[in-house]
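In what follows, a structure is listed as structure tokens, so that the remarks can point back to it.
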Amino acid sequence: MKDISFGQVYPVQSPVHRMDARTKLIITIAYVVMLFFASSFIVFGIIAFALLLVIFASRVPLLKVLRSIRFIIFLLIFTFIITVLLNKGMGAEAEIATYGYYLSFGPFTICGTGLLNAGKLSTRLILIVVGPTMLTLTTTPMELTEAIAYLLAPLKLLRVPVHEFAMIMSLALRLIPTIMEETDKIMNAQKARGASFDHGNIFKRAAALIPVLVPLFVNSLKRSEDISDAMESRCYRGAKGRTKMKKLRYRVSDIFAYIVVAVFLFFILLTAYNWWNWAWVSMITFV
Amino acid sequence: MSIISVKNLTYIYNEDMEDEVIALDNVSFDVEEGEFIALIGSNGSGKSTLARLLNGLREPTMGEVLVSGIPTTDSKRRFEVRKSVGVVFQNPDNQMVTTIIEDDVAFGPENLGLPSEEINARVDWALECVGMSGHRKGTPFRLSGGQKQRIAIAGVLAIKPKVLVLDESTAMLDPRGKKEVMDTIERIREKEGMTVIMITHFPEEASRADRVIALDKGKIVIDEPSHTALADVERLRSYGLDAPLPARVAYGLKQRGVELGEIVTARELAEALCRLK
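So the protein lines, in turn, are chains A and B. Count along the first sequence starting at 1, add 15, and that's the number in my numbering. Count along the second sequence starting at 1, add 587, and that's the number in my numbering.
In structure tokens form, the structure reads like this:
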């Protein structure tokens with residue numbers, strides 16, 4: 016079977032694995048918020064360093080975590096090139112004065128500001144993918160379901176089916192490897208009949224995927240029916256009367272984690288807004 | 588009272604449409620507590636439909652299914668029906684709801700609303716029954732088909748149903764996986780005295796049961812003790828079914844003038860052959 020790091024727990028014991036799923040979910044949300052407020056390479060560096068500490072604490076191999084980037088590699092390259100080419104920076108003279116170069120050809124330009132912005136965008140994209148990967152690598156889908164249901168609980172007042180929503184999320188995560196495997200099988204079957212997926216231009220390749228997607232879609236529908244039969248056979252009837260084997264429980268370490276993350280979030284917001292005009296803040300947000 | 592009682596059951600797919608298919612046609616039988624029944628039939632004989640009717644996943648077109656006296660169509664008491672009749676399906680991948688084995692086995696007892704200690708104890712017990720205790724904290728993705736199917740059986744066992752229905756649960760497995768699963772079922776029967784209904788198209792597996800019910804074109808054509816049912820090679824063939832290999836060997840010998848008597852298992856065949864000289 017293919018090794019798919021996205022969505023699957025890396026089964027080791029660690030403080031990160033043991034942490035309450037709700038804490039991890041909230042920290043992940045805070046982390047994404049931080050990334051949107053971070054605006055300089057130094058701040059990105061600080062966030063990346065913090066993430067690295069978490070990765071080491073989780074005992075998940077760094078390579079395994081970083082492998083999640085390959086899912087967005089094309090997006091990454093594409094956005095980088097587009098951002099560089101379309102960014103006119105501060106105009107030709109100012110760019111040459113600051114960075115010493117300004118290349119322009121037709122509607123496209125390459126300039127210092129553009130490169131810098133594209134670099135920041137790429138860094139942000141990478142961090143946005145790697146961070147939440149840590150959540151799925153250290154949290155079982157059942158814990159995640161519980162955490163999502165817990166955080167969305169207030170919506171129950173509005174008659175939103177919170178438990179069902181969380182269950183759908185968790186089943187989707189559970190099915191990623193199964194569907195990947197199936198895609199592989201169907202692709203091989205189509206190859207055996209002479210289909211080719213790595214020749215021709217991008218449109219031809221996309222068209223070649225249609226004979227893969229159609230059976231995949233049909234099979235997925237059949238599979239969902241089977242799964243719902245199996246779930247019902249095992250007495251599933253939604254949230255009604257359902258209890259849990261592993262209850263979510265906050266420990267002292269969770270409170271500690273919340274405090275650390277709150278301080279960290281405050282720090283990032285400070286670098287973004289610099290309410291008190293501190294000199295050191297402008298220093299680290301300069302680059 | 589019979590634990591399951593099927594009365595004049597008819598099930599029709601796409602009723603009153605062009606592609607109407609009569610999957611089950613006026614089927615009746617009773618299952619007593621502790622029985623081990625093999626339900627056999629060729630493809631399209633309606634046997635998998637029957638599995639889904641036994642715990643109320645589908646509702647009969649006509650007739651009824653009673654589980655401990657409760658009709659499966661009674662939506663208020665359907666939960667009781669599902670608690671009594673646990674079904675294990677064909678594809679283990681489509682029965683796993685989550686990616687950690689213990690969480691998956693716990694899914695059923697969690698739905699029953701049991702306290703967390705009790706769920707824990709049941710997960711331990713169920714995994715012990717299928718011989719997978721060592722994998723409790725692991726994930727099913729790296730397991731073999733037979734091991735995955737044993738996890739699926741544990742998931743149903745943890746509910747502690749009175750009847751275990753296996754809907755072609757060995758069909759997708761390799762010979763080793765098939766044997767693993769069959770041995771597991773036999774062990775559970777010995778230890779827990781559970782009622783088992785095994786739907787299969789492998790005659791060798793059916794020979795392990797006490798009673799054989801054969802379906803052909805939606806009708807029951809054989810309902811006998813497994814030994815007499817499986818030894819009759821000609822009759823099974825007329826319904827598109829194969830007798831177990833030892834029975835076929837004995838049949839072949841009989842046609843060449845060597846009378847061995849009623850034979851189903853390899854052991855019986857060996858003993859009969861030894862008596863010949």
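From the three backbone atoms N, C-alpha and C, an ideal C-beta is built for every residue, glycine too. The structure presented is a predicted model; accordingly, all values stated were derived computationally and were not measured.
- At a cut-off of 7 Å between beta carbons, Ile242 (chain A) contacts chain B.
- In terms of CA proximity to Leu90 (chain A), A:Ser137 leads the group A:Ser137, A:Leu67, A:Lys103.
- Legend: CB atoms of the stretch 686-711 of chain B lying less than 8 Å from CB atoms of chain A belong to residues Thr686, Ile687, Glu689, Asp690, Ala693, Phe694, Gly695, Pro696, Glu697, Asn698, Leu699, Gly700, Leu701, Pro702, Ser703, Ile706, Asn707, Val710.
- Chain A has no Cβ within less than 7 Å of the Cβ of Arg645 (chain B).
- Arg189 (chain A) sits in a helix when the DSSP states are folded into three classes.
- Its Cα nearest to that of Lys594 (chain B), the residue B:Gly656 stands out among B:Gly656, B:Ser731, B:Asn681.
- Sequence-distant Cβ neighbours of Tyr46 (chain A) in its own chain, meaning closer than 7 Å and more than five residues away, are Gly146.
- When Cβ-Cβ separations below 7 Å define contact, Gln842 (chain B) makes no contact with chain A.
- For the options B:Gly764, B:Lys749, B:Val750, the alpha carbon positioned closest to that of Ile738 (chain B) is the one of B:Gly764.
- Annotation for Glu689 (chain B): the continuous alpha helix (DSSP H) segment containing it runs 688-699.
- By the rule that beta-carbons nearer than 7 Å mark a contact, Asp680 (chain B) touches chain A.
- Chain A places a beta carbon closer than 7 Å to that of Val674 (chain B), counting this residue as a contact.
- Between Lys255 (chain A) and Glu161 (chain A), the beta carbon gap of about 16 Å keeps them out of contact (Cβ cut-off 8 Å).
- Residue ranges of uninterrupted beta strand (DSSP E) with 3 or more members, entirely inside the stretch 588-653 of chain B and ordered along the chain, are 591-600, 608-618, 623-628.
- Within the stretch 723-734 of chain B, the residues whose Cβ lies closer than 9 Å to any Cβ of chain A are, in chain order, Lys724, Gly725, Thr726, Phe728, Arg729.
- A direct Cα-to-Cα measurement between Thr128 (chain A) and Met105 (chain A) gives close to 8 Å.
- Residues of the stretch 252-276 of chain A that bring their beta carbon within less than 8 Å of a beta carbon in chain B comprise Arg252, Gly256, Arg257, Thr258, Lys259, Met260, Lys261, Lys262, in sequence order.
- Three or more beta-carbon pairs separated by less than 8 Å are not found between the stretch 272-290 of chain A and the stretch 724-736 of chain B, which leaves the two stretches without contact.
- In the three-state DSSP reduction, Thr852 (chain B) falls in the coil class, being neither helix nor strand.
- In the DSSP assignment, Leu802 (chain B) falls within the unbroken beta strand (DSSP E) covering 798-803.
- Proximity of chain B to Ala245 (chain A) at the Cβ level (cut-off 7 Å) is accounted for by Phe676, Asn681, Gln682, in chain order.
- Look at the stretch 134-221 of chain A and you find these whole runs of alpha helix (DSSP H), each 4 residues long or longer: 156-166, 177-207.
- Two segments are said to touch when three or more pairs of C-beta atoms, one from each, lie closer than 8 Å; by this definition the stretch 638-649 of chain B touches the stretch 598-607 of chain B.
- Chain B places a beta carbon closer than 7 Å to that of Met157 (chain A), counting this residue as a contact.
- The beta-carbon distance between Val768 (chain B) and Arg776 (chain B), rounded to whole angstroms, is 13 Å. This is too long to meet the 8 Å contact definition.
- Non-local beta-carbon contacts of Glu773 (chain B) in its own chain, meaning distances under 8 Å to residues more than five positions away in sequence, involve Arg795 in chain order.
- The C-beta of Ser671 (chain B) has 16 or more other C-beta atoms within 10 Å across all chains shown, which makes the residue buried.
- DSSP places Lys806 (chain B) within a strand segment (E or B) once states are collapsed to three.
- For Arg669 (chain B), a Cβ of chain A is located within less than 7 Å of the residue's own Cβ.
- Ala745 (chain B) is positioned such that its CB atom lies closer than 7 Å to that of Ala713 (chain B).
- Here Glu667 (chain B) has Ile657 as same chain residues with Cβ atoms under 7 Å from its own Cβ, once five neighbours each way along the sequence are excluded.
- Counting along the chain, Ile41 (chain A) sits inside the alpha helix (DSSP H) bounded by residues 36-52.
- Around Gly631 (chain B), no beta-carbon contact reaches into chain A at under 9 Å, the shortest distance being about 17 Å.
- Here DSSP, grouped into helix, strand and coil, assigns Arg729 (chain B) to helix.
- Nearest to Ala181 (chain A) by alpha-carbon distance, out of A:Met202, A:Ala204, A:Asp199, A:Thr155, is A:Thr155.
- With its beta carbon at least 7 Å from every one in chain B, Ser235 (chain A) lies outside the interface.
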